[in-house]
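Data block below; observations after.
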Amino acid sequence: MQIIVTGALLGGTYALIALGLTLQYGAARIMNLANGETLVAACFVAFWLFTAMGVNPLLGMVLIAPVAFALNWLIYAWLLRPLVRRAKNRGMLEVDSILATFGLLFLLQGLMLLGFGGAYFSYKFLAEPFLILGEPYGLNRVVAFVAAVIVASLLYLFLYHTRQGTAVRAVAVDPASSRLVAIDVARTAAFAFALGGALTACGGTLLSTFYTFNASMGVIFTMKALIIVIMGGVGDVRGATLAALILGVTETAVASLIDPGLTLAANYALFVLVLLFRPQGILGRASA
Amino acid sequence: MMRLRRDELMVAGGGIAAIALLSLLPLFSDGFVLSFGVNLMLYVAMCTAWTLFSGPTRLVSLASAGFFGVGTYSVALGLDFLPFPVLIAIAAFVSAALAGLVGAATLRLSGVYFVIFTLGLAELIRQVVAWSQSRFAHKMGLYVFTDFTERDLYWMLLALTTLVFGVGWLINRSRLGFALRIIGDDETVARHVGIATARAKIVLFMASGAFLGIAGAIVAPRYAYIEPQAAFNPMISFLVVIMALLGGTRRLWGPLVGVIPFTIVMEFITARFPNHSSVVIGITFLAIVYLLPDGITGRIEGLRDRIRHRAAARNGIEAPEAIEEKAA
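Protein chains in written order, with this note's numbering: chain A, 1 to 288; chain B, 1001 to 1328.
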């Protein structure tokens, strides 16, 4: 029981990170391997805000998200739009965007290593016990989970109940036809990419409240987010949320029952199962 | 019996001469130059093996470090019981089997799954190896003591490079190579003319993985002490990709052009600015994507074509396209 609750609490934060990636890949068609770097950068900013200025990370998240939105918009406009224009088909864009964001990954990681070194960072925020069903859990984890649920619900409302959100979903389904119903595809793609970056940054901020982070851990989180996105089905918001919870619980179970060093192996086991049996995602329908 | 065209014979002759010349290097120098030569030859072998698969299929494999580490560990684990050549064969076999498994899981689906899967593969194996070592062997590393000198390693790597080129050339002439070129151009067309696309890709990935495993096995004696962190260092995968792409992957010898300058640059950077290597790698990646999408060799070929075109126009000979247009 303790494993399931801990895993689910962790899964909430994972879900935000993966939602960011699924927007970037599903709607903007950019397989963003530098997604984890956005997350780590948000961790560092939250750390700095909290330790140097005493800003509550939850308040910090409200500051960090718009900045991440703006920066990701710029990244899309400057770095990725030329690739979108150059690509003759989706496959070419995929290869180009993978390589470009891979370069970006190293560049950002290198800059953060220069700035902060390879040391591990953490800070104490709400590090007190909180009882759920008579068992103690870190209050910071519970708060992060609740915050993640709120952000994810806002995203859901936005995507399914506003015009702009519907436009994002339309572009995710079919960019060519979206143009026919007067959706500015280039703008919407940039918006989806930026929004995805902002969500990942929110995930990073929440993660930093209970997790020990360092400058080079971005890739691992990109990997987790990718696995969640594929498990949930690319572009599928509900699938990604469910997949994040499954991944969080599995990871926690492996870490506490077998060995904490095998979390990636647990992720991969899930990944292989999905690839073999449901490559279209756990909630996805088989494509024709 | 295969018949060789004249230009093929010339290339083969040139290749043999180059190999003969390169094999003389250890006789003239030792110390720093030879050690640098081993580095260079290692990356030449690995990048060519990588291009064997990723060139024609255009699928970026980030798993090189995984195969490399498997090869290294095959030697480290078996050195006390088996002779070295047998260990190399085991390394090749295990790496090929691993590549087969990865391929079977991902290559039947869209390319993106393959890239993602290979991204974490080395880290995955490292975790499993580290865990089983601490669990069952209660130690983190293994010692590898052999009588091999840098000179022997250099020659073995040169032989491996030659082998990779030979196999690559044979594949290129075979039905498999033909099938792969069609897959690289248009996979849907390939499937429609009855090519088992997934199987072709898996076979090629296994060959590429086996060579990467052998490379790891050959340089294992160089480390003396082997631990998961070093053997499965993900940086190996990234360097292989970047060097191969820098050179260009349209030709099997393309990576050669990228390996030489980049190894020199990396040597310089790790010596002078060890903290900046990630930044340099990142910038190089971006530069390749935006400025050299087909690598250096692709750029040179493009320029050559343009010059020929112009020369033809100046001599009053119509360019081939123009003739075709008239005919149509």
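Ideal Cβ positions, reconstructed from N, Cα and C, are used throughout, including at glycine.
Residue 129/A is bridged by DSSP to 138/A. Taking a Cβ-Cβ cut-off of 8 Å, the neighbours of residue 1276/B in chain A comprise 110, 114, given in sequence order. At a cut-off of 9 Å, the C-beta of residue 1124/B has a neighbouring C-beta in chain A. The beta-bridge partner set that DSSP reports for residue 1226/B consists of 1142/B. In the structure shown, residue 1068/B adopts helical secondary structure according to DSSP, grouped into three states. Those residues of the stretch 252-282 of chain A placed with their C-beta closer than 9 Å to a C-beta in chain B are 258, 259, 261, 262, 263, 264, 265, 267, 268, 271, 272, 275, 276, 279, ordered along the chain.
Residue 235/A is outside the set of residues whose beta carbon lies under 9 Å from a beta carbon in chain B. Counting along the chain, residue 1253/B sits inside no alpha helix (DSSP H), nor does DSSP assign it H or E at all.
Taking the beta carbon of residue 1053/B as reference, no residue of chain A falls within 8 Å; the closest one sits roughly 14 Å away. A distance of 9 Å or more separates the beta carbons of residue 1119/B and residue 1045/B. Contact annotation for residue 1292/B against chain A: no contact, minimum CB-CB distance about 11 Å [criterion: below 8 Å]. Residue contact check for residue 1112/B against chain A: a CB pair falls below 9 Å. Near chain B, meaning a CB-to-CB distance below 8 Å, no residue of the stretch 188-208 of chain A qualifies. Residue 1093/B sits in a helix when the DSSP states are folded into three classes. Across the stretch 91-108 of chain A, CB contacts with chain B closer than 8 Å involve 91, 94, 95, 96, 98, 99, 100, 102, 103, 104, 105, 106, 107, 108, in sequence order along the chain.
By the neighbour-count criterion, in which a residue is buried when 16 or more other Cβ atoms sit within 10 angstroms of its Cβ, residue 246/A is buried. Excluding the 5 residues flanking it on each side, residue 1239/B has same chain C-beta neighbours closer than 8 Å at 1043, 1262, 1266, 1281, in chain order. With fewer than 16 other CB atoms across the displayed protein chains lying within 10 angstroms of its CB, residue 66/A is exposed. Counting only residues of its own chain and dropping the five nearest sequence neighbours on each side, residue 1051/B has a CB closer than 7 Å to the CB of 1244, 1249, 1252, 1254, 1255. Of all alpha-carbon atoms in 149/A, 142/A, 216/A, 180/A, the one lying nearest the alpha-carbon of residue 39/A is that of 216/A. Annotation for residue 1178/B: the continuous alpha helix (DSSP H) segment containing it runs 1175-1185.
For residue 230/A, the chain B residues whose Cβ falls inside 8 Å of its Cβ are 1113, 1116, in order along the chain.
Taking a cut-off of 8 Å for Cβ pairs, the stretch 1073-1086 of chain B and the stretch 1220-1233 of chain B touch, as three or more such pairs fall below it.
Its Cα nearest to that of residue 98/A, the residue 1058/B stands out among 1065/B, 1087/B, 1058/B, 1106/B. Scanning chain A for C-beta atoms nearer than 7 Å to the C-beta of residue 1127/B yields 261, 262, 264, 265, reported in chain order. Per DSSP, the beta bridge partners of residue 213/A are 121/A.
Annotation: residue 1061/B to residue 166/A spans about 36 Å, alpha carbon to alpha carbon.
Interface flag for residue 1238/B against chain A is set, since a Cβ pair is found closer than 9 Å. Of the residues assessed, residue 61/A falls on the buried side of the cut-off, its CB having 16 or more other CB atoms within 10 angstroms. The residue among 1129/B, 1111/B, 1010/B with its C-alpha nearest the C-alpha of residue 95/A is 1111/B.
Less than 9 Å separates the beta-carbon of residue 209/A from that of residue 57/A.
Per DSSP, reduced to three states, the secondary structure at residue 1/A is coil, with no helix or strand assignment. Its Cα nearest to that of residue 1264/B, the residue 1037/B stands out among 1023/B, 1027/B, 1037/B, 1020/B. Proximity to residue 1025/B across 1041/B, 1258/B, 1069/B, 1211/B peaks at 1041/B, based on C-alpha coordinates. Counting C-beta pairs closer than 8 Å gives fewer than three between the stretch 136-156 of chain A and the stretch 249-269 of chain A, which falls short of the contact rule. With respect to residue 199/A, residue 155/A sits close: the two C-beta atoms are nearer than 9 Å.
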